[in-house]
Amino acid sequence: MSQRQPIKRAEQIWGGRKRVFYSDDAQRWFEACRDRGLTAPDWPVEYGGGGLTPAQTKILQQEMARLSCRLPLYDLGIWMLGPALLVYGNEAQKQQHLRAICRGEIRWAQGYSEPGAGSDLASLRTRAEDCGDHFLVNGTKIWTTAADKSDWIFCLVRTDDSGPTKHHGISFLLIDMETEGVSTTPIKLISGESEFCQTFFDNVKVPKENLVGELHGGWAVAKELLKHERKMMSNPESMSEVFNISLTKLAQDAIGLDETNVLSSPEIRSRISQHMMRDAAINQLGMRIFQQAKAGVSDPRLPLLMKHIGTQETQVKDEIVLEILGAEGLSFDDDAASQQARTMLERWAFNKSLTIAGGTSEIQLNIIAKRVLGLPSGESA
Amino acid sequence: MILNDEQRMLQESMIDFLNDQAPVEAFRTLRDDPSLGAYDQQLWRGMVELGLPGLTSPEAYGGSDFGWLGMGAVLEEMGRRLTAAPVLSSVVLAQELIRQCASPAQVEDWLPPLVMGEQVLTAAINEGPHYAPDRLETRWIDGHLSGEKTLVMDFDGADGLLVVARDAQGDAVVVRVAVDAPEMTVHSRRLMDGRNYASVVFNQTPVHAHDVLAGDAVAAGLARALDITAVAMASEMLGGARELIDRTVAYLSEREQFGVKIGSFQALQHRCAQLYCDLEVAASAVYAALDALDRQQEEITQLASAAKALANDCFQKTSSEAVQLHGGMGVTDEMDIGLFLKRSRVCNQLFGSSDFHRQRYASCLGI
């Protein structure tokens, strides 16, 4: 039953060579799921997945949520790299990497952004020089999530800059972080934690077989992967801490009800109500997208909205939480407030990154304006 | 939450019919000529021929049982064209009051003429300037009705009205009254949305017991009928917001200033993109509520409140933004944008403002 309690961040099972289990129960739960392919339920069985259809996967997720089951494995390989490899990887790459991901043996970091290439990702300058049997990689990647705890990193690198557009000449490389010349420095964030790092590549030799997709054609792989990243980020609670703090319970406890059982702050009451309506509606939008896909009548516009809508609403919730907590929620010090209040404050601070990482909200709105609404191109990229 | 093949076909045939019979210009004609009444009778006869009044009623009463998602799709298309017809008043509200509140024998007697489109009934719910269905002061005592009702929709085209009141014990009842009943004063007029509404004063209007729906089922039935109507209203509002976004995007893609299409400006693009996001969020709440009705879910109050509040916010913001993004043309009567703006504000008040529904949703949450 210990595996049915809401999970704390320290208890999450991330894969990799540095993997640790915080309890025997956690290890048993992980191994039981792993051996049944439930760490990646919708991947093919031959690569260590569960072989389930999307509809079956949805049912599994709903049932696991209903039973308060924990996610057996947290990993960017599961959420992002694996789905892209299934589309663009060759057979040898799938054999080498997918099973290791499902089994939690290798933890992956993401090497996309650079200090000079954020929203304008395609202007990236980390270079991979063709040296016959290997590439020689030089440059730096930033916001590499948990790179200091990861084993491998998937990177966008420049292999050619003579192409017609800056999107041409980008290639997608898989790099073992134990290779000589790879180093990583954590970046301290406003939450006081260091989820993100900067990773440096200094004459790093990468074997040719680690190229995914076409040479100079990595942008297609990058976009496929971004689709999965944005889907994941639209519902951050699905991938991070199970943070199902009930807003209504929190408000009842911290603010109190009047004699007619109405929350004593009318303003907070309205804001909670508005947020919970929108939150439910966003889930219903996700359900619509799923039902459309199942019926073969997908509206391709709808998934493009989810990242912006979901992250925006998460921040609305965070601000309400902070206001409800009052003075309880204003300190990052260990002894200053309850553990729960401090966790919520850390979430508030960390979640500011949700509307920036994985394509800022402004980039999402650009995409919606042009690709969904068909507004004319002009001054903005 | 998605339409099945039959419902999609219904939607398509409705689009053809409305494009032909009820484009926005048709509403404009109606608005500009008060002598035409509450709605175009010929348009309504066409809707009856298509079976629209029976969409949500069982086949046993002459309906087609097409379901609420299907009805929602029809209302969205009407909302896109500002179509004036007694659909919300007679097909949704009056039929639901009967189905939810009447005994089986009364349903058998009262419902079929509405389902067949032979009779048009409207309903008198509101008292005073704000939607507050629990504040019910109209009384039906000793066979006589007394009280004041406001915002009775489509009065001029109706054969009768269903009046919500309380009996001598204070229990809710639904009373059927003819439009020309004695001891009744009617002030019928148009509001800024160009539709017909009436204020009605009953001063000891005689009503026979066989024209009254009473009993234990009425209070809950009345609440459900109003929730269903709020969801239906929200469907119409979604259509209005969809049309405004389409028209605004088209205008921004055409209008040039500084030598470029103004739709290429990021400041304007982002505003449109945000409107579209909010529209699909609101739409999802509305479809979830319609879907719950089709699954005959018992508890729908919370879903109905979310649907109406989010549709209110969406249509209100979209219509204001549409005016602004059309620039000077947006404030001219020549453009249709203003017609949608005015409709949105009336829709906001009918069957509950955002404030009403947010407070009610909070109560459902237990806070």
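Respectively, the protein sequence lines represent chains P and Z. Under this note's numbering, think of the first position of the first sequence as 1, with each following residue one higher. Under this note's numbering, think of the first position of the second sequence as 1001, with each following residue one higher. A virtual CB, placed ideally from N, CA and C, is assigned to each residue, including glycine.
### Neighbour list for Met-287/P in chain Z, Cβ cutoff strictly below 7 Å
Met-1001
### Query
Is the CB of Phe-1265/Z under 9 Å away from at least one CB in chain P?
Interface residue, yes.
#### Entry: Those runs of the alpha helix (DSSP H) which lie wholly inside the region 84 to 116 of chain P and span at least 4 residues
91 to 102
### From Ala-281/P, Glu-267/P, Ser-162/P, Ser-113/P, residue whose alpha carbon lies closest to that of Ile-142/P
Ser-113/P
### Query
Roughly how many angstroms separate the alpha carbons of Gln-1106/Z and Thr-1229/Z, rounded to a whole number?
21 Å
### Task
Measure from the alpha carbon of Gly-359/P to the alpha carbon of each residue in Ile-187/P, Ala-295/P, Ile-309/P, Ala-40/P, then state which is nearest.
For Gly-359/P, the nearest C-alpha among the options comes from Ile-309/P.
### Query
According to DSSP, what are the bridge partners of Phe-1256/Z?
Note that residue 1256/Z corresponds to Glu in the displayed sequence, not to Phe. Paired residues: Lys-1261/Z.
### Task
Would you tell me roughly how many angstroms separate the C-alpha atoms of Ile-78/P and Ala-32/P, rounded to the nearest one?
17 Å
### Message
What does DSSP give as the partner residue(s) for Glu-1108/Z in the beta ladder?
### Response
Paired residues: none, contrary to the question.
### Query
Which residues of chain Z have a Cβ atom closer than 7 Å to the Cβ of His-308/P, listed in chain order?
Cys-1277
### Task
Please check if any C-beta of chain Z sits within less than 9 Å of the C-beta of Arg-278/P.
yes
### Message
What does DSSP give as the partner residue(s) for Met-306/P in the beta ladder?
### Response
None, per the DSSP bridge assignment.
### Query
Could you give the distance in angstroms between the alpha-carbon of Gly-82/P and the alpha-carbon of Ile-101/P?
8 Å
### Task
Can you tell me which of the three DSSP states Pro-207/P falls into?
strand
### Query
Is Leu-1114/Z closer than 9 Å to Gln-1095/Z when the C-beta atoms are compared?
yes
### Query
Does the separation of the CB atoms of Ile-1245/Z and Leu-373/P fall below 9 Å?
yes
### Query
Which whole-angstrom value is the C-beta distance of Asp-133/P and Trp-152/P, which I expect to be below 8 Å?
So it is not a contact: roughly 20 Å between Cβ atoms.
### Message
Here's the rule: buried if 16 or more other CB atoms are within 10 angstroms of the residue's CB, otherwise exposed. What is Tyr-74/P?
### Response
buried
#### Entry: 9 Å Cβ cutoff, Ile-1015/Z in contact with chain P
no
### Query
How should Ala-1283/Z be labelled, buried or exposed, when 16 other C-beta atoms within 10 angstroms of its C-beta is the threshold for buried?
buried
### Bridge-paired residues (DSSP) for Gly-130/P
Note on residue identity: the sequence assigns Asp, not Gly, to residue 130/P. According to DSSP, which records beta bridges pairwise, Asp-130/P is partnered with Phe-135/P.
### Query
Would Glu-346/P count as contacting chain Z if we go by Cβ distances under 9 Å?
no
### Task
My understanding is that Ala-117/P touches Leu-173/P, with C-beta atoms under 8 Å, so please give their C-beta distance in whole angstroms.
With a Cβ gap of about 16 Å, Ala-117/P and Leu-173/P do not count as contacting.
### Task
Give the straight-line distance between the Cα atoms of Ala-222/P and His-168/P, rounded to the nearest whole angstrom.
Each residue's alpha carbon lies about 12 Å from the other.
### Message
So, at 6 Å on beta carbons, what are the nonlocal neighbours of Cys-1314/Z in its own chain, with the 5 sequence-adjacent residues on each side left out?
### Response
Excluding residues within five positions, the ones whose Cβ falls inside 6 Å are Ala-1241, Asp-1278, Leu-1279, Ala-1282.
### Inter-residue spacing [alpha-carbon to alpha-carbon] between Glu-346/P and Gly-163/P
44 Å
### Query
Does the region 1331 to 1339 of chain Z come within contact of the region 243 to 256 of chain P, defined as at least 3 CB pairs closer than 8 Å?
At 8 Å Cβ cutoff, the stretches do not touch.
### Task
Let me know the secondary structure DSSP gives His-1326/Z once reduced to three states.
coil
### Query
How big is the Cα-Cα spacing for Met-64/P and Asn-203/P?
The straight-line gap separating the alpha-carbon atoms of Met-64/P and Asn-203/P is approximately 46 Å.
#### Entry: Under 7 Å by beta carbon: chain P residues contacting Ser-1284/Z
Ala-281, Gln-284, Leu-285, Arg-288
### Message
Can you tell me whether Gly-1327/Z is buried or exposed? The criterion is at least 16 other CB atoms within 10 Å of its CB, across all chains shown.
### Response
exposed
### Task
To the nearest angstrom, report how far apart Val-242/P and Ile-7/P are at their CA atoms.
Because the pLDDT at Val-242/P is just 45, under 50, the model does not fix this residue reliably, and the point stays unresolved.
### Query
Could one say the Cβ of Val-110/P lies closer than 9 Å to chain Z's Cβ atoms, at least one of them?
Reading off the sequence shown, one finds Gln at residue 110/P, where the question assumed Val. Taking Cβ atoms only, chain Z never reaches closer than 9 Å to Gln-110/P, which makes this a no.
### Query
Quick one: which chain P residues come within Cβ less than 8 Å of Val-1249/Z?
Annotation: Cβ neighbours of Val-1249/Z in chain P (cutoff 8 Å, chain order): Leu-373, Gly-374, Leu-375.
### Query
Gly-192/P to Val-1092/Z, Cα distance in whole Å?
56 Å
### Message
Can you check which of these residues, Leu-1161/Z, Gln-1269/Z, Ser-1253/Z, Ala-1273/Z, is closest to Val-1120/Z by C-alpha distance?
### Response
Leu-1161/Z
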